[in-house]
Amino acid sequence: MSVPFLRAVLALCTVGITLFTQLSLAATPTPQIPIPPAPALPSVATYVLMDYDSGQIIAAKGENLHRAPASLTKLMTAYLTYQAMGNGSLRPDEPVNVSNTAWKTGGSRMFIQPGLPVTVDQLLHGLLIDSGNDAAVALAETVGGSQSGFVTLMNDAARRLQLDNTHYSNVNGLPDSGLYTTALDVAKLSRALIHQYPQVLDITKQKSYTYNKITQRSWNPVLFRDPSVDGLKTGLTDESGYCIDATALRNGRRLIAVVMGGPSWPGSTNAVESLLNYGYRFFEDHELYKAMTKVGEIHDPMLSPMRIPVAVASKVTVTVPRGRLDELQTRLVWKPAGPLPVAKGGVVGEMIISLHGQTLQTVPLVSMVAVDRAGWLTRQWHHLQNAL
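Residues in the sequence shown are numbered consecutively from 76, following the working numbering.
Below, the structure written as structure tokens:
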């Protein structure tokens with residue numbers, strides 16, 4: 076046996092051993108970081124902890140339980156006011172005429188009055204920092220023409236935002252049997268408000284506000300406890316209990332914690348902090364795909380082409396327990412949004428992202444080519460290809 080041949084055999088053996096070692100190391104499971112259960116928080120009626128970027132619910136208790144929202148109602152009042160400014164029908168510096176109705180509204184107030192100058196921007200500060208019921212009425216009358224007209228806009232917006240367990244009957248949250256929401260819907264509304272109008276945080280992070288030489292401290296007690304918290308709203312009536320909708324930003328990652336039906340301001344603040352600490356400590360975000368990234372192909376012999384390249388229309392971020400990213404599973408499903416043919420860029424299915432059988436996200440998929448139903452001859456050819 077020649078020396079060159081032996082050297083070649085030895086080299087092949089070395090490569091084989093190296094590959095075997097690499098495969099063995101790759102097959103070694105990553106040690107799992109133990110994830111404790113979410114805080115029980117028995118003193119609050121319901122709560123939700125949501126990741127802002129992914130929209131996933133990290134922890135929840137009675138998330139669809141109907142509750143009186145109290146001044147959390149003003150989140151929608153603010154949302155519609157920002158929407159009006161966004162479409163150009165309202166300006167931040169626009170002066171507002173204060174009606175007698177707004178002036179005489181009871182409960183928490185920013186102390187506006189007829190004839191005293193006030194702008195839309197000032198009213199938003201009074202709404203979100205002072206929790207002014209008078210500010211809510213003044214904004215509603217300005218944006219909707221009347222309180223009843225504005226309530227119609229509120230419920231229309233709730234439907235568009237898929238707040239399926241929310242109904243508004245007034246603009247400020249004063250007790251009413253027709254006024255209810257859930258912790259989940261409050262979190263969804265908060266996410267939409269921050270995403271579409273991030274300037275709201277410039278107001279909600281403020282610890283006090285002065286109007287007409289009257290300075291009032293923010294109602295949000297978490298602002299004074301946690302420097303990472305920069306919003307969002309609180310509510311309190313006998314029916315609602317102590318409600319806090321808080322959002323925090325730590326190391327570039329935002330969470331939203333909603334607590335409803337708490338026993339006291341300190342009790343609800345402690346609950347919010349427990350939720351935020353749990354979410355930041357034991358969960359992490361990962362960007363799986365950028366917008367319009369090809370994620371695979373959907374095969375169907377009844378279609379032309381048979382292999383349809385698909386992409387995610389927008390960035391996909393997923394929230395997972397720390398150390399569990401490699402355990403994610405994805406599945407592509409053909410589920411067109413409309414009849415064939417489908418133009419390039421049309422929605423043709425969804426990607427289901429799951430972890431140990433639990434669906435984390437369902438992401439729309441768009442076709443990277445035009446798709447139509449295959450003709451008879453093409454279908455036979457496709458079947459033949461599949462058989463080979």
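Beta carbons: idealized from backbone N, C-alpha and C, even for Gly.
Just mark K369 as buried or exposed, buried being the case when its beta carbon has 16 or more other beta carbons within 10 Å.
exposed
Below 7 Å between beta carbons: does that hold for E138 and V119?
no
Output needed for G420: all residues of its chain with C-beta closer than 6 Å, excluding positions within five of it in sequence on either side, in chain order.
The residues are V441.
Classify Y127 as helix, strand or coil using the three-state DSSP reduction.
DSSP places Y127 in coil when its eight states are reduced to three.
Using 8 Å as the threshold, is the segment 147-164 in touch with the segment 214-221, meaning 3 or more CB pairs across them?
yes
Am I right that G182 and L249 are in contact with their C-beta atoms under 8 Å? What's the rounded C-beta distance?
6 Å
If you run the structure through DSSP and keep just helix, strand and coil, what is G327?
coil
For S244, tell me which candidate among L238, A232, T227 has the shortest Cα-Cα distance.
T227
Would you call L191 buried or exposed, if buried means 16 or more other Cβ atoms sit within 10 Å of its Cβ?
exposed
Based on Cα-Cα distance, which residue from L198, V393, A332, R448 lies nearest to N247?
L198
Taking all protein chains shown into account, decide if M222 is buried (16 or more other Cβ within 10 angstroms of its Cβ) or exposed.
Residue identity differs from the one stated: residue 222 is Gln in this sequence, not Met. Answer is buried; the Cβ neighbour count reaches 16.
Does the segment 199-208 come within contact of the segment 269-278, defined as at least 3 CB pairs closer than 8 Å?
Counting Cβ pairs under 8 Å, three or more are found: they touch.
Work out the CA separation of Q291 and Y485 for me, nearest whole Å.
Examination of residue 485 is not possible in this model, given that the chain is present from 76 through 463 alone.
DSSP beta-bridge partners for F358?
For F358, the beta-bridge partners assigned by DSSP are P396.
So the candidates are K308, K410, A323; which of them puts its Cα closest to the Cα of H374?
K410
Would DSSP call T105 helix, strand or coil?
Note that T105 has pLDDT 47, beneath the 50 cutoff, so the model's placement of it is unreliable and the number below is only indicative. Three-state result, T105: coil.
Where do the ends of the alpha helix (DSSP H) carrying T241 lie?
Taken as a continuous stretch (DSSP letters only), T241 belongs to no alpha helix (DSSP H), as it is neither H nor E.
Mark H333 as exposed unless 16 or more other C-beta atoms lie within 10 angstroms of its C-beta, in which case mark it buried.
Checking the sequence shown, residue 333 turns out to be Val, not His. Buried, because 16 or more other Cβ atoms sit within 10 Å of the Cβ of V333.
Applying the 10 Å Cβ sphere with the 16-neighbour rule, what's the burial state of A418?
Per the 10 Å Cβ criterion, exposed.
Opposite L403 in the DSSP bridges: which residues?
L430
Would you mind reading off the limits of the beta strand (DSSP E) that contains D251?
It is not in any beta strand (DSSP E) - D251 carries neither H nor E in the DSSP assignment.
Alpha carbon to alpha carbon, how far is T309 from P144? Give it in angstroms, no decimals.
Distance between the alpha carbons of P144 and T309 is about 9 Å.
With the cut-off set at 7 Å, would you say T394 and F358 are in Cβ contact?
In terms of Cβ geometry, T394 and F358 form a close pair [threshold 7 Å].
Taking the alpha carbon of V304 as the point to measure from, which residue in R325, D251, S293, N287 has its own alpha carbon closest?
R325 is the residue among R325, D251, S293, N287 whose C-alpha sits nearest the C-alpha of V304.
Report buried or exposed for S389, applying the criterion of at least 16 other Cβ atoms within 10 angstroms of its Cβ.
exposed
May I have the straight-line CA-CA distance separating G163 from E169, to the nearest angstrom?
Cα to Cα, G163 sits roughly 11 Å from E169.
Rounded to whole angstroms, what's the CA-CA distance from M443 to D126? Just pull it up for me.
30 Å
Pick out whichever of S129, M381, L165 has its Cα sitting closest to the Cα of Y364.
S129
Does DSSP put L298 in a helix, a strand or coil?
Here L298 sits in helix by DSSP.
How would you call D209, buried or exposed, if buried means at least 16 neighbouring beta carbons within 10 angstroms?
buried
Give the straight-line distance between the Cα atoms of D447 and I428, rounded to the nearest whole angstrom.
Approximately 27 Å, taken between the alpha carbons.
Determine the closest residue to T176 out of R166, P167, I187, with distance taken between C-alpha atoms.
When only C-alpha atoms are compared, the closest one is I187.
Is it the case that the Cβ atoms of S349 and P114 are separated by a distance below 7 Å?
yes
Following the continuous beta strand (DSSP E) through D196, name the residue where it begins and the one where it ends.
Looking at the DSSP string, D196 is not in any beta strand (DSSP E); the run it does join, the alpha helix (DSSP H), is 195-203.
Would you mind stating whether D360 and T392 have Cβ atoms separated by less than 7 Å?
yes
Can the beta-carbon of V171 be found closer than 7 Å to that of A211?
no
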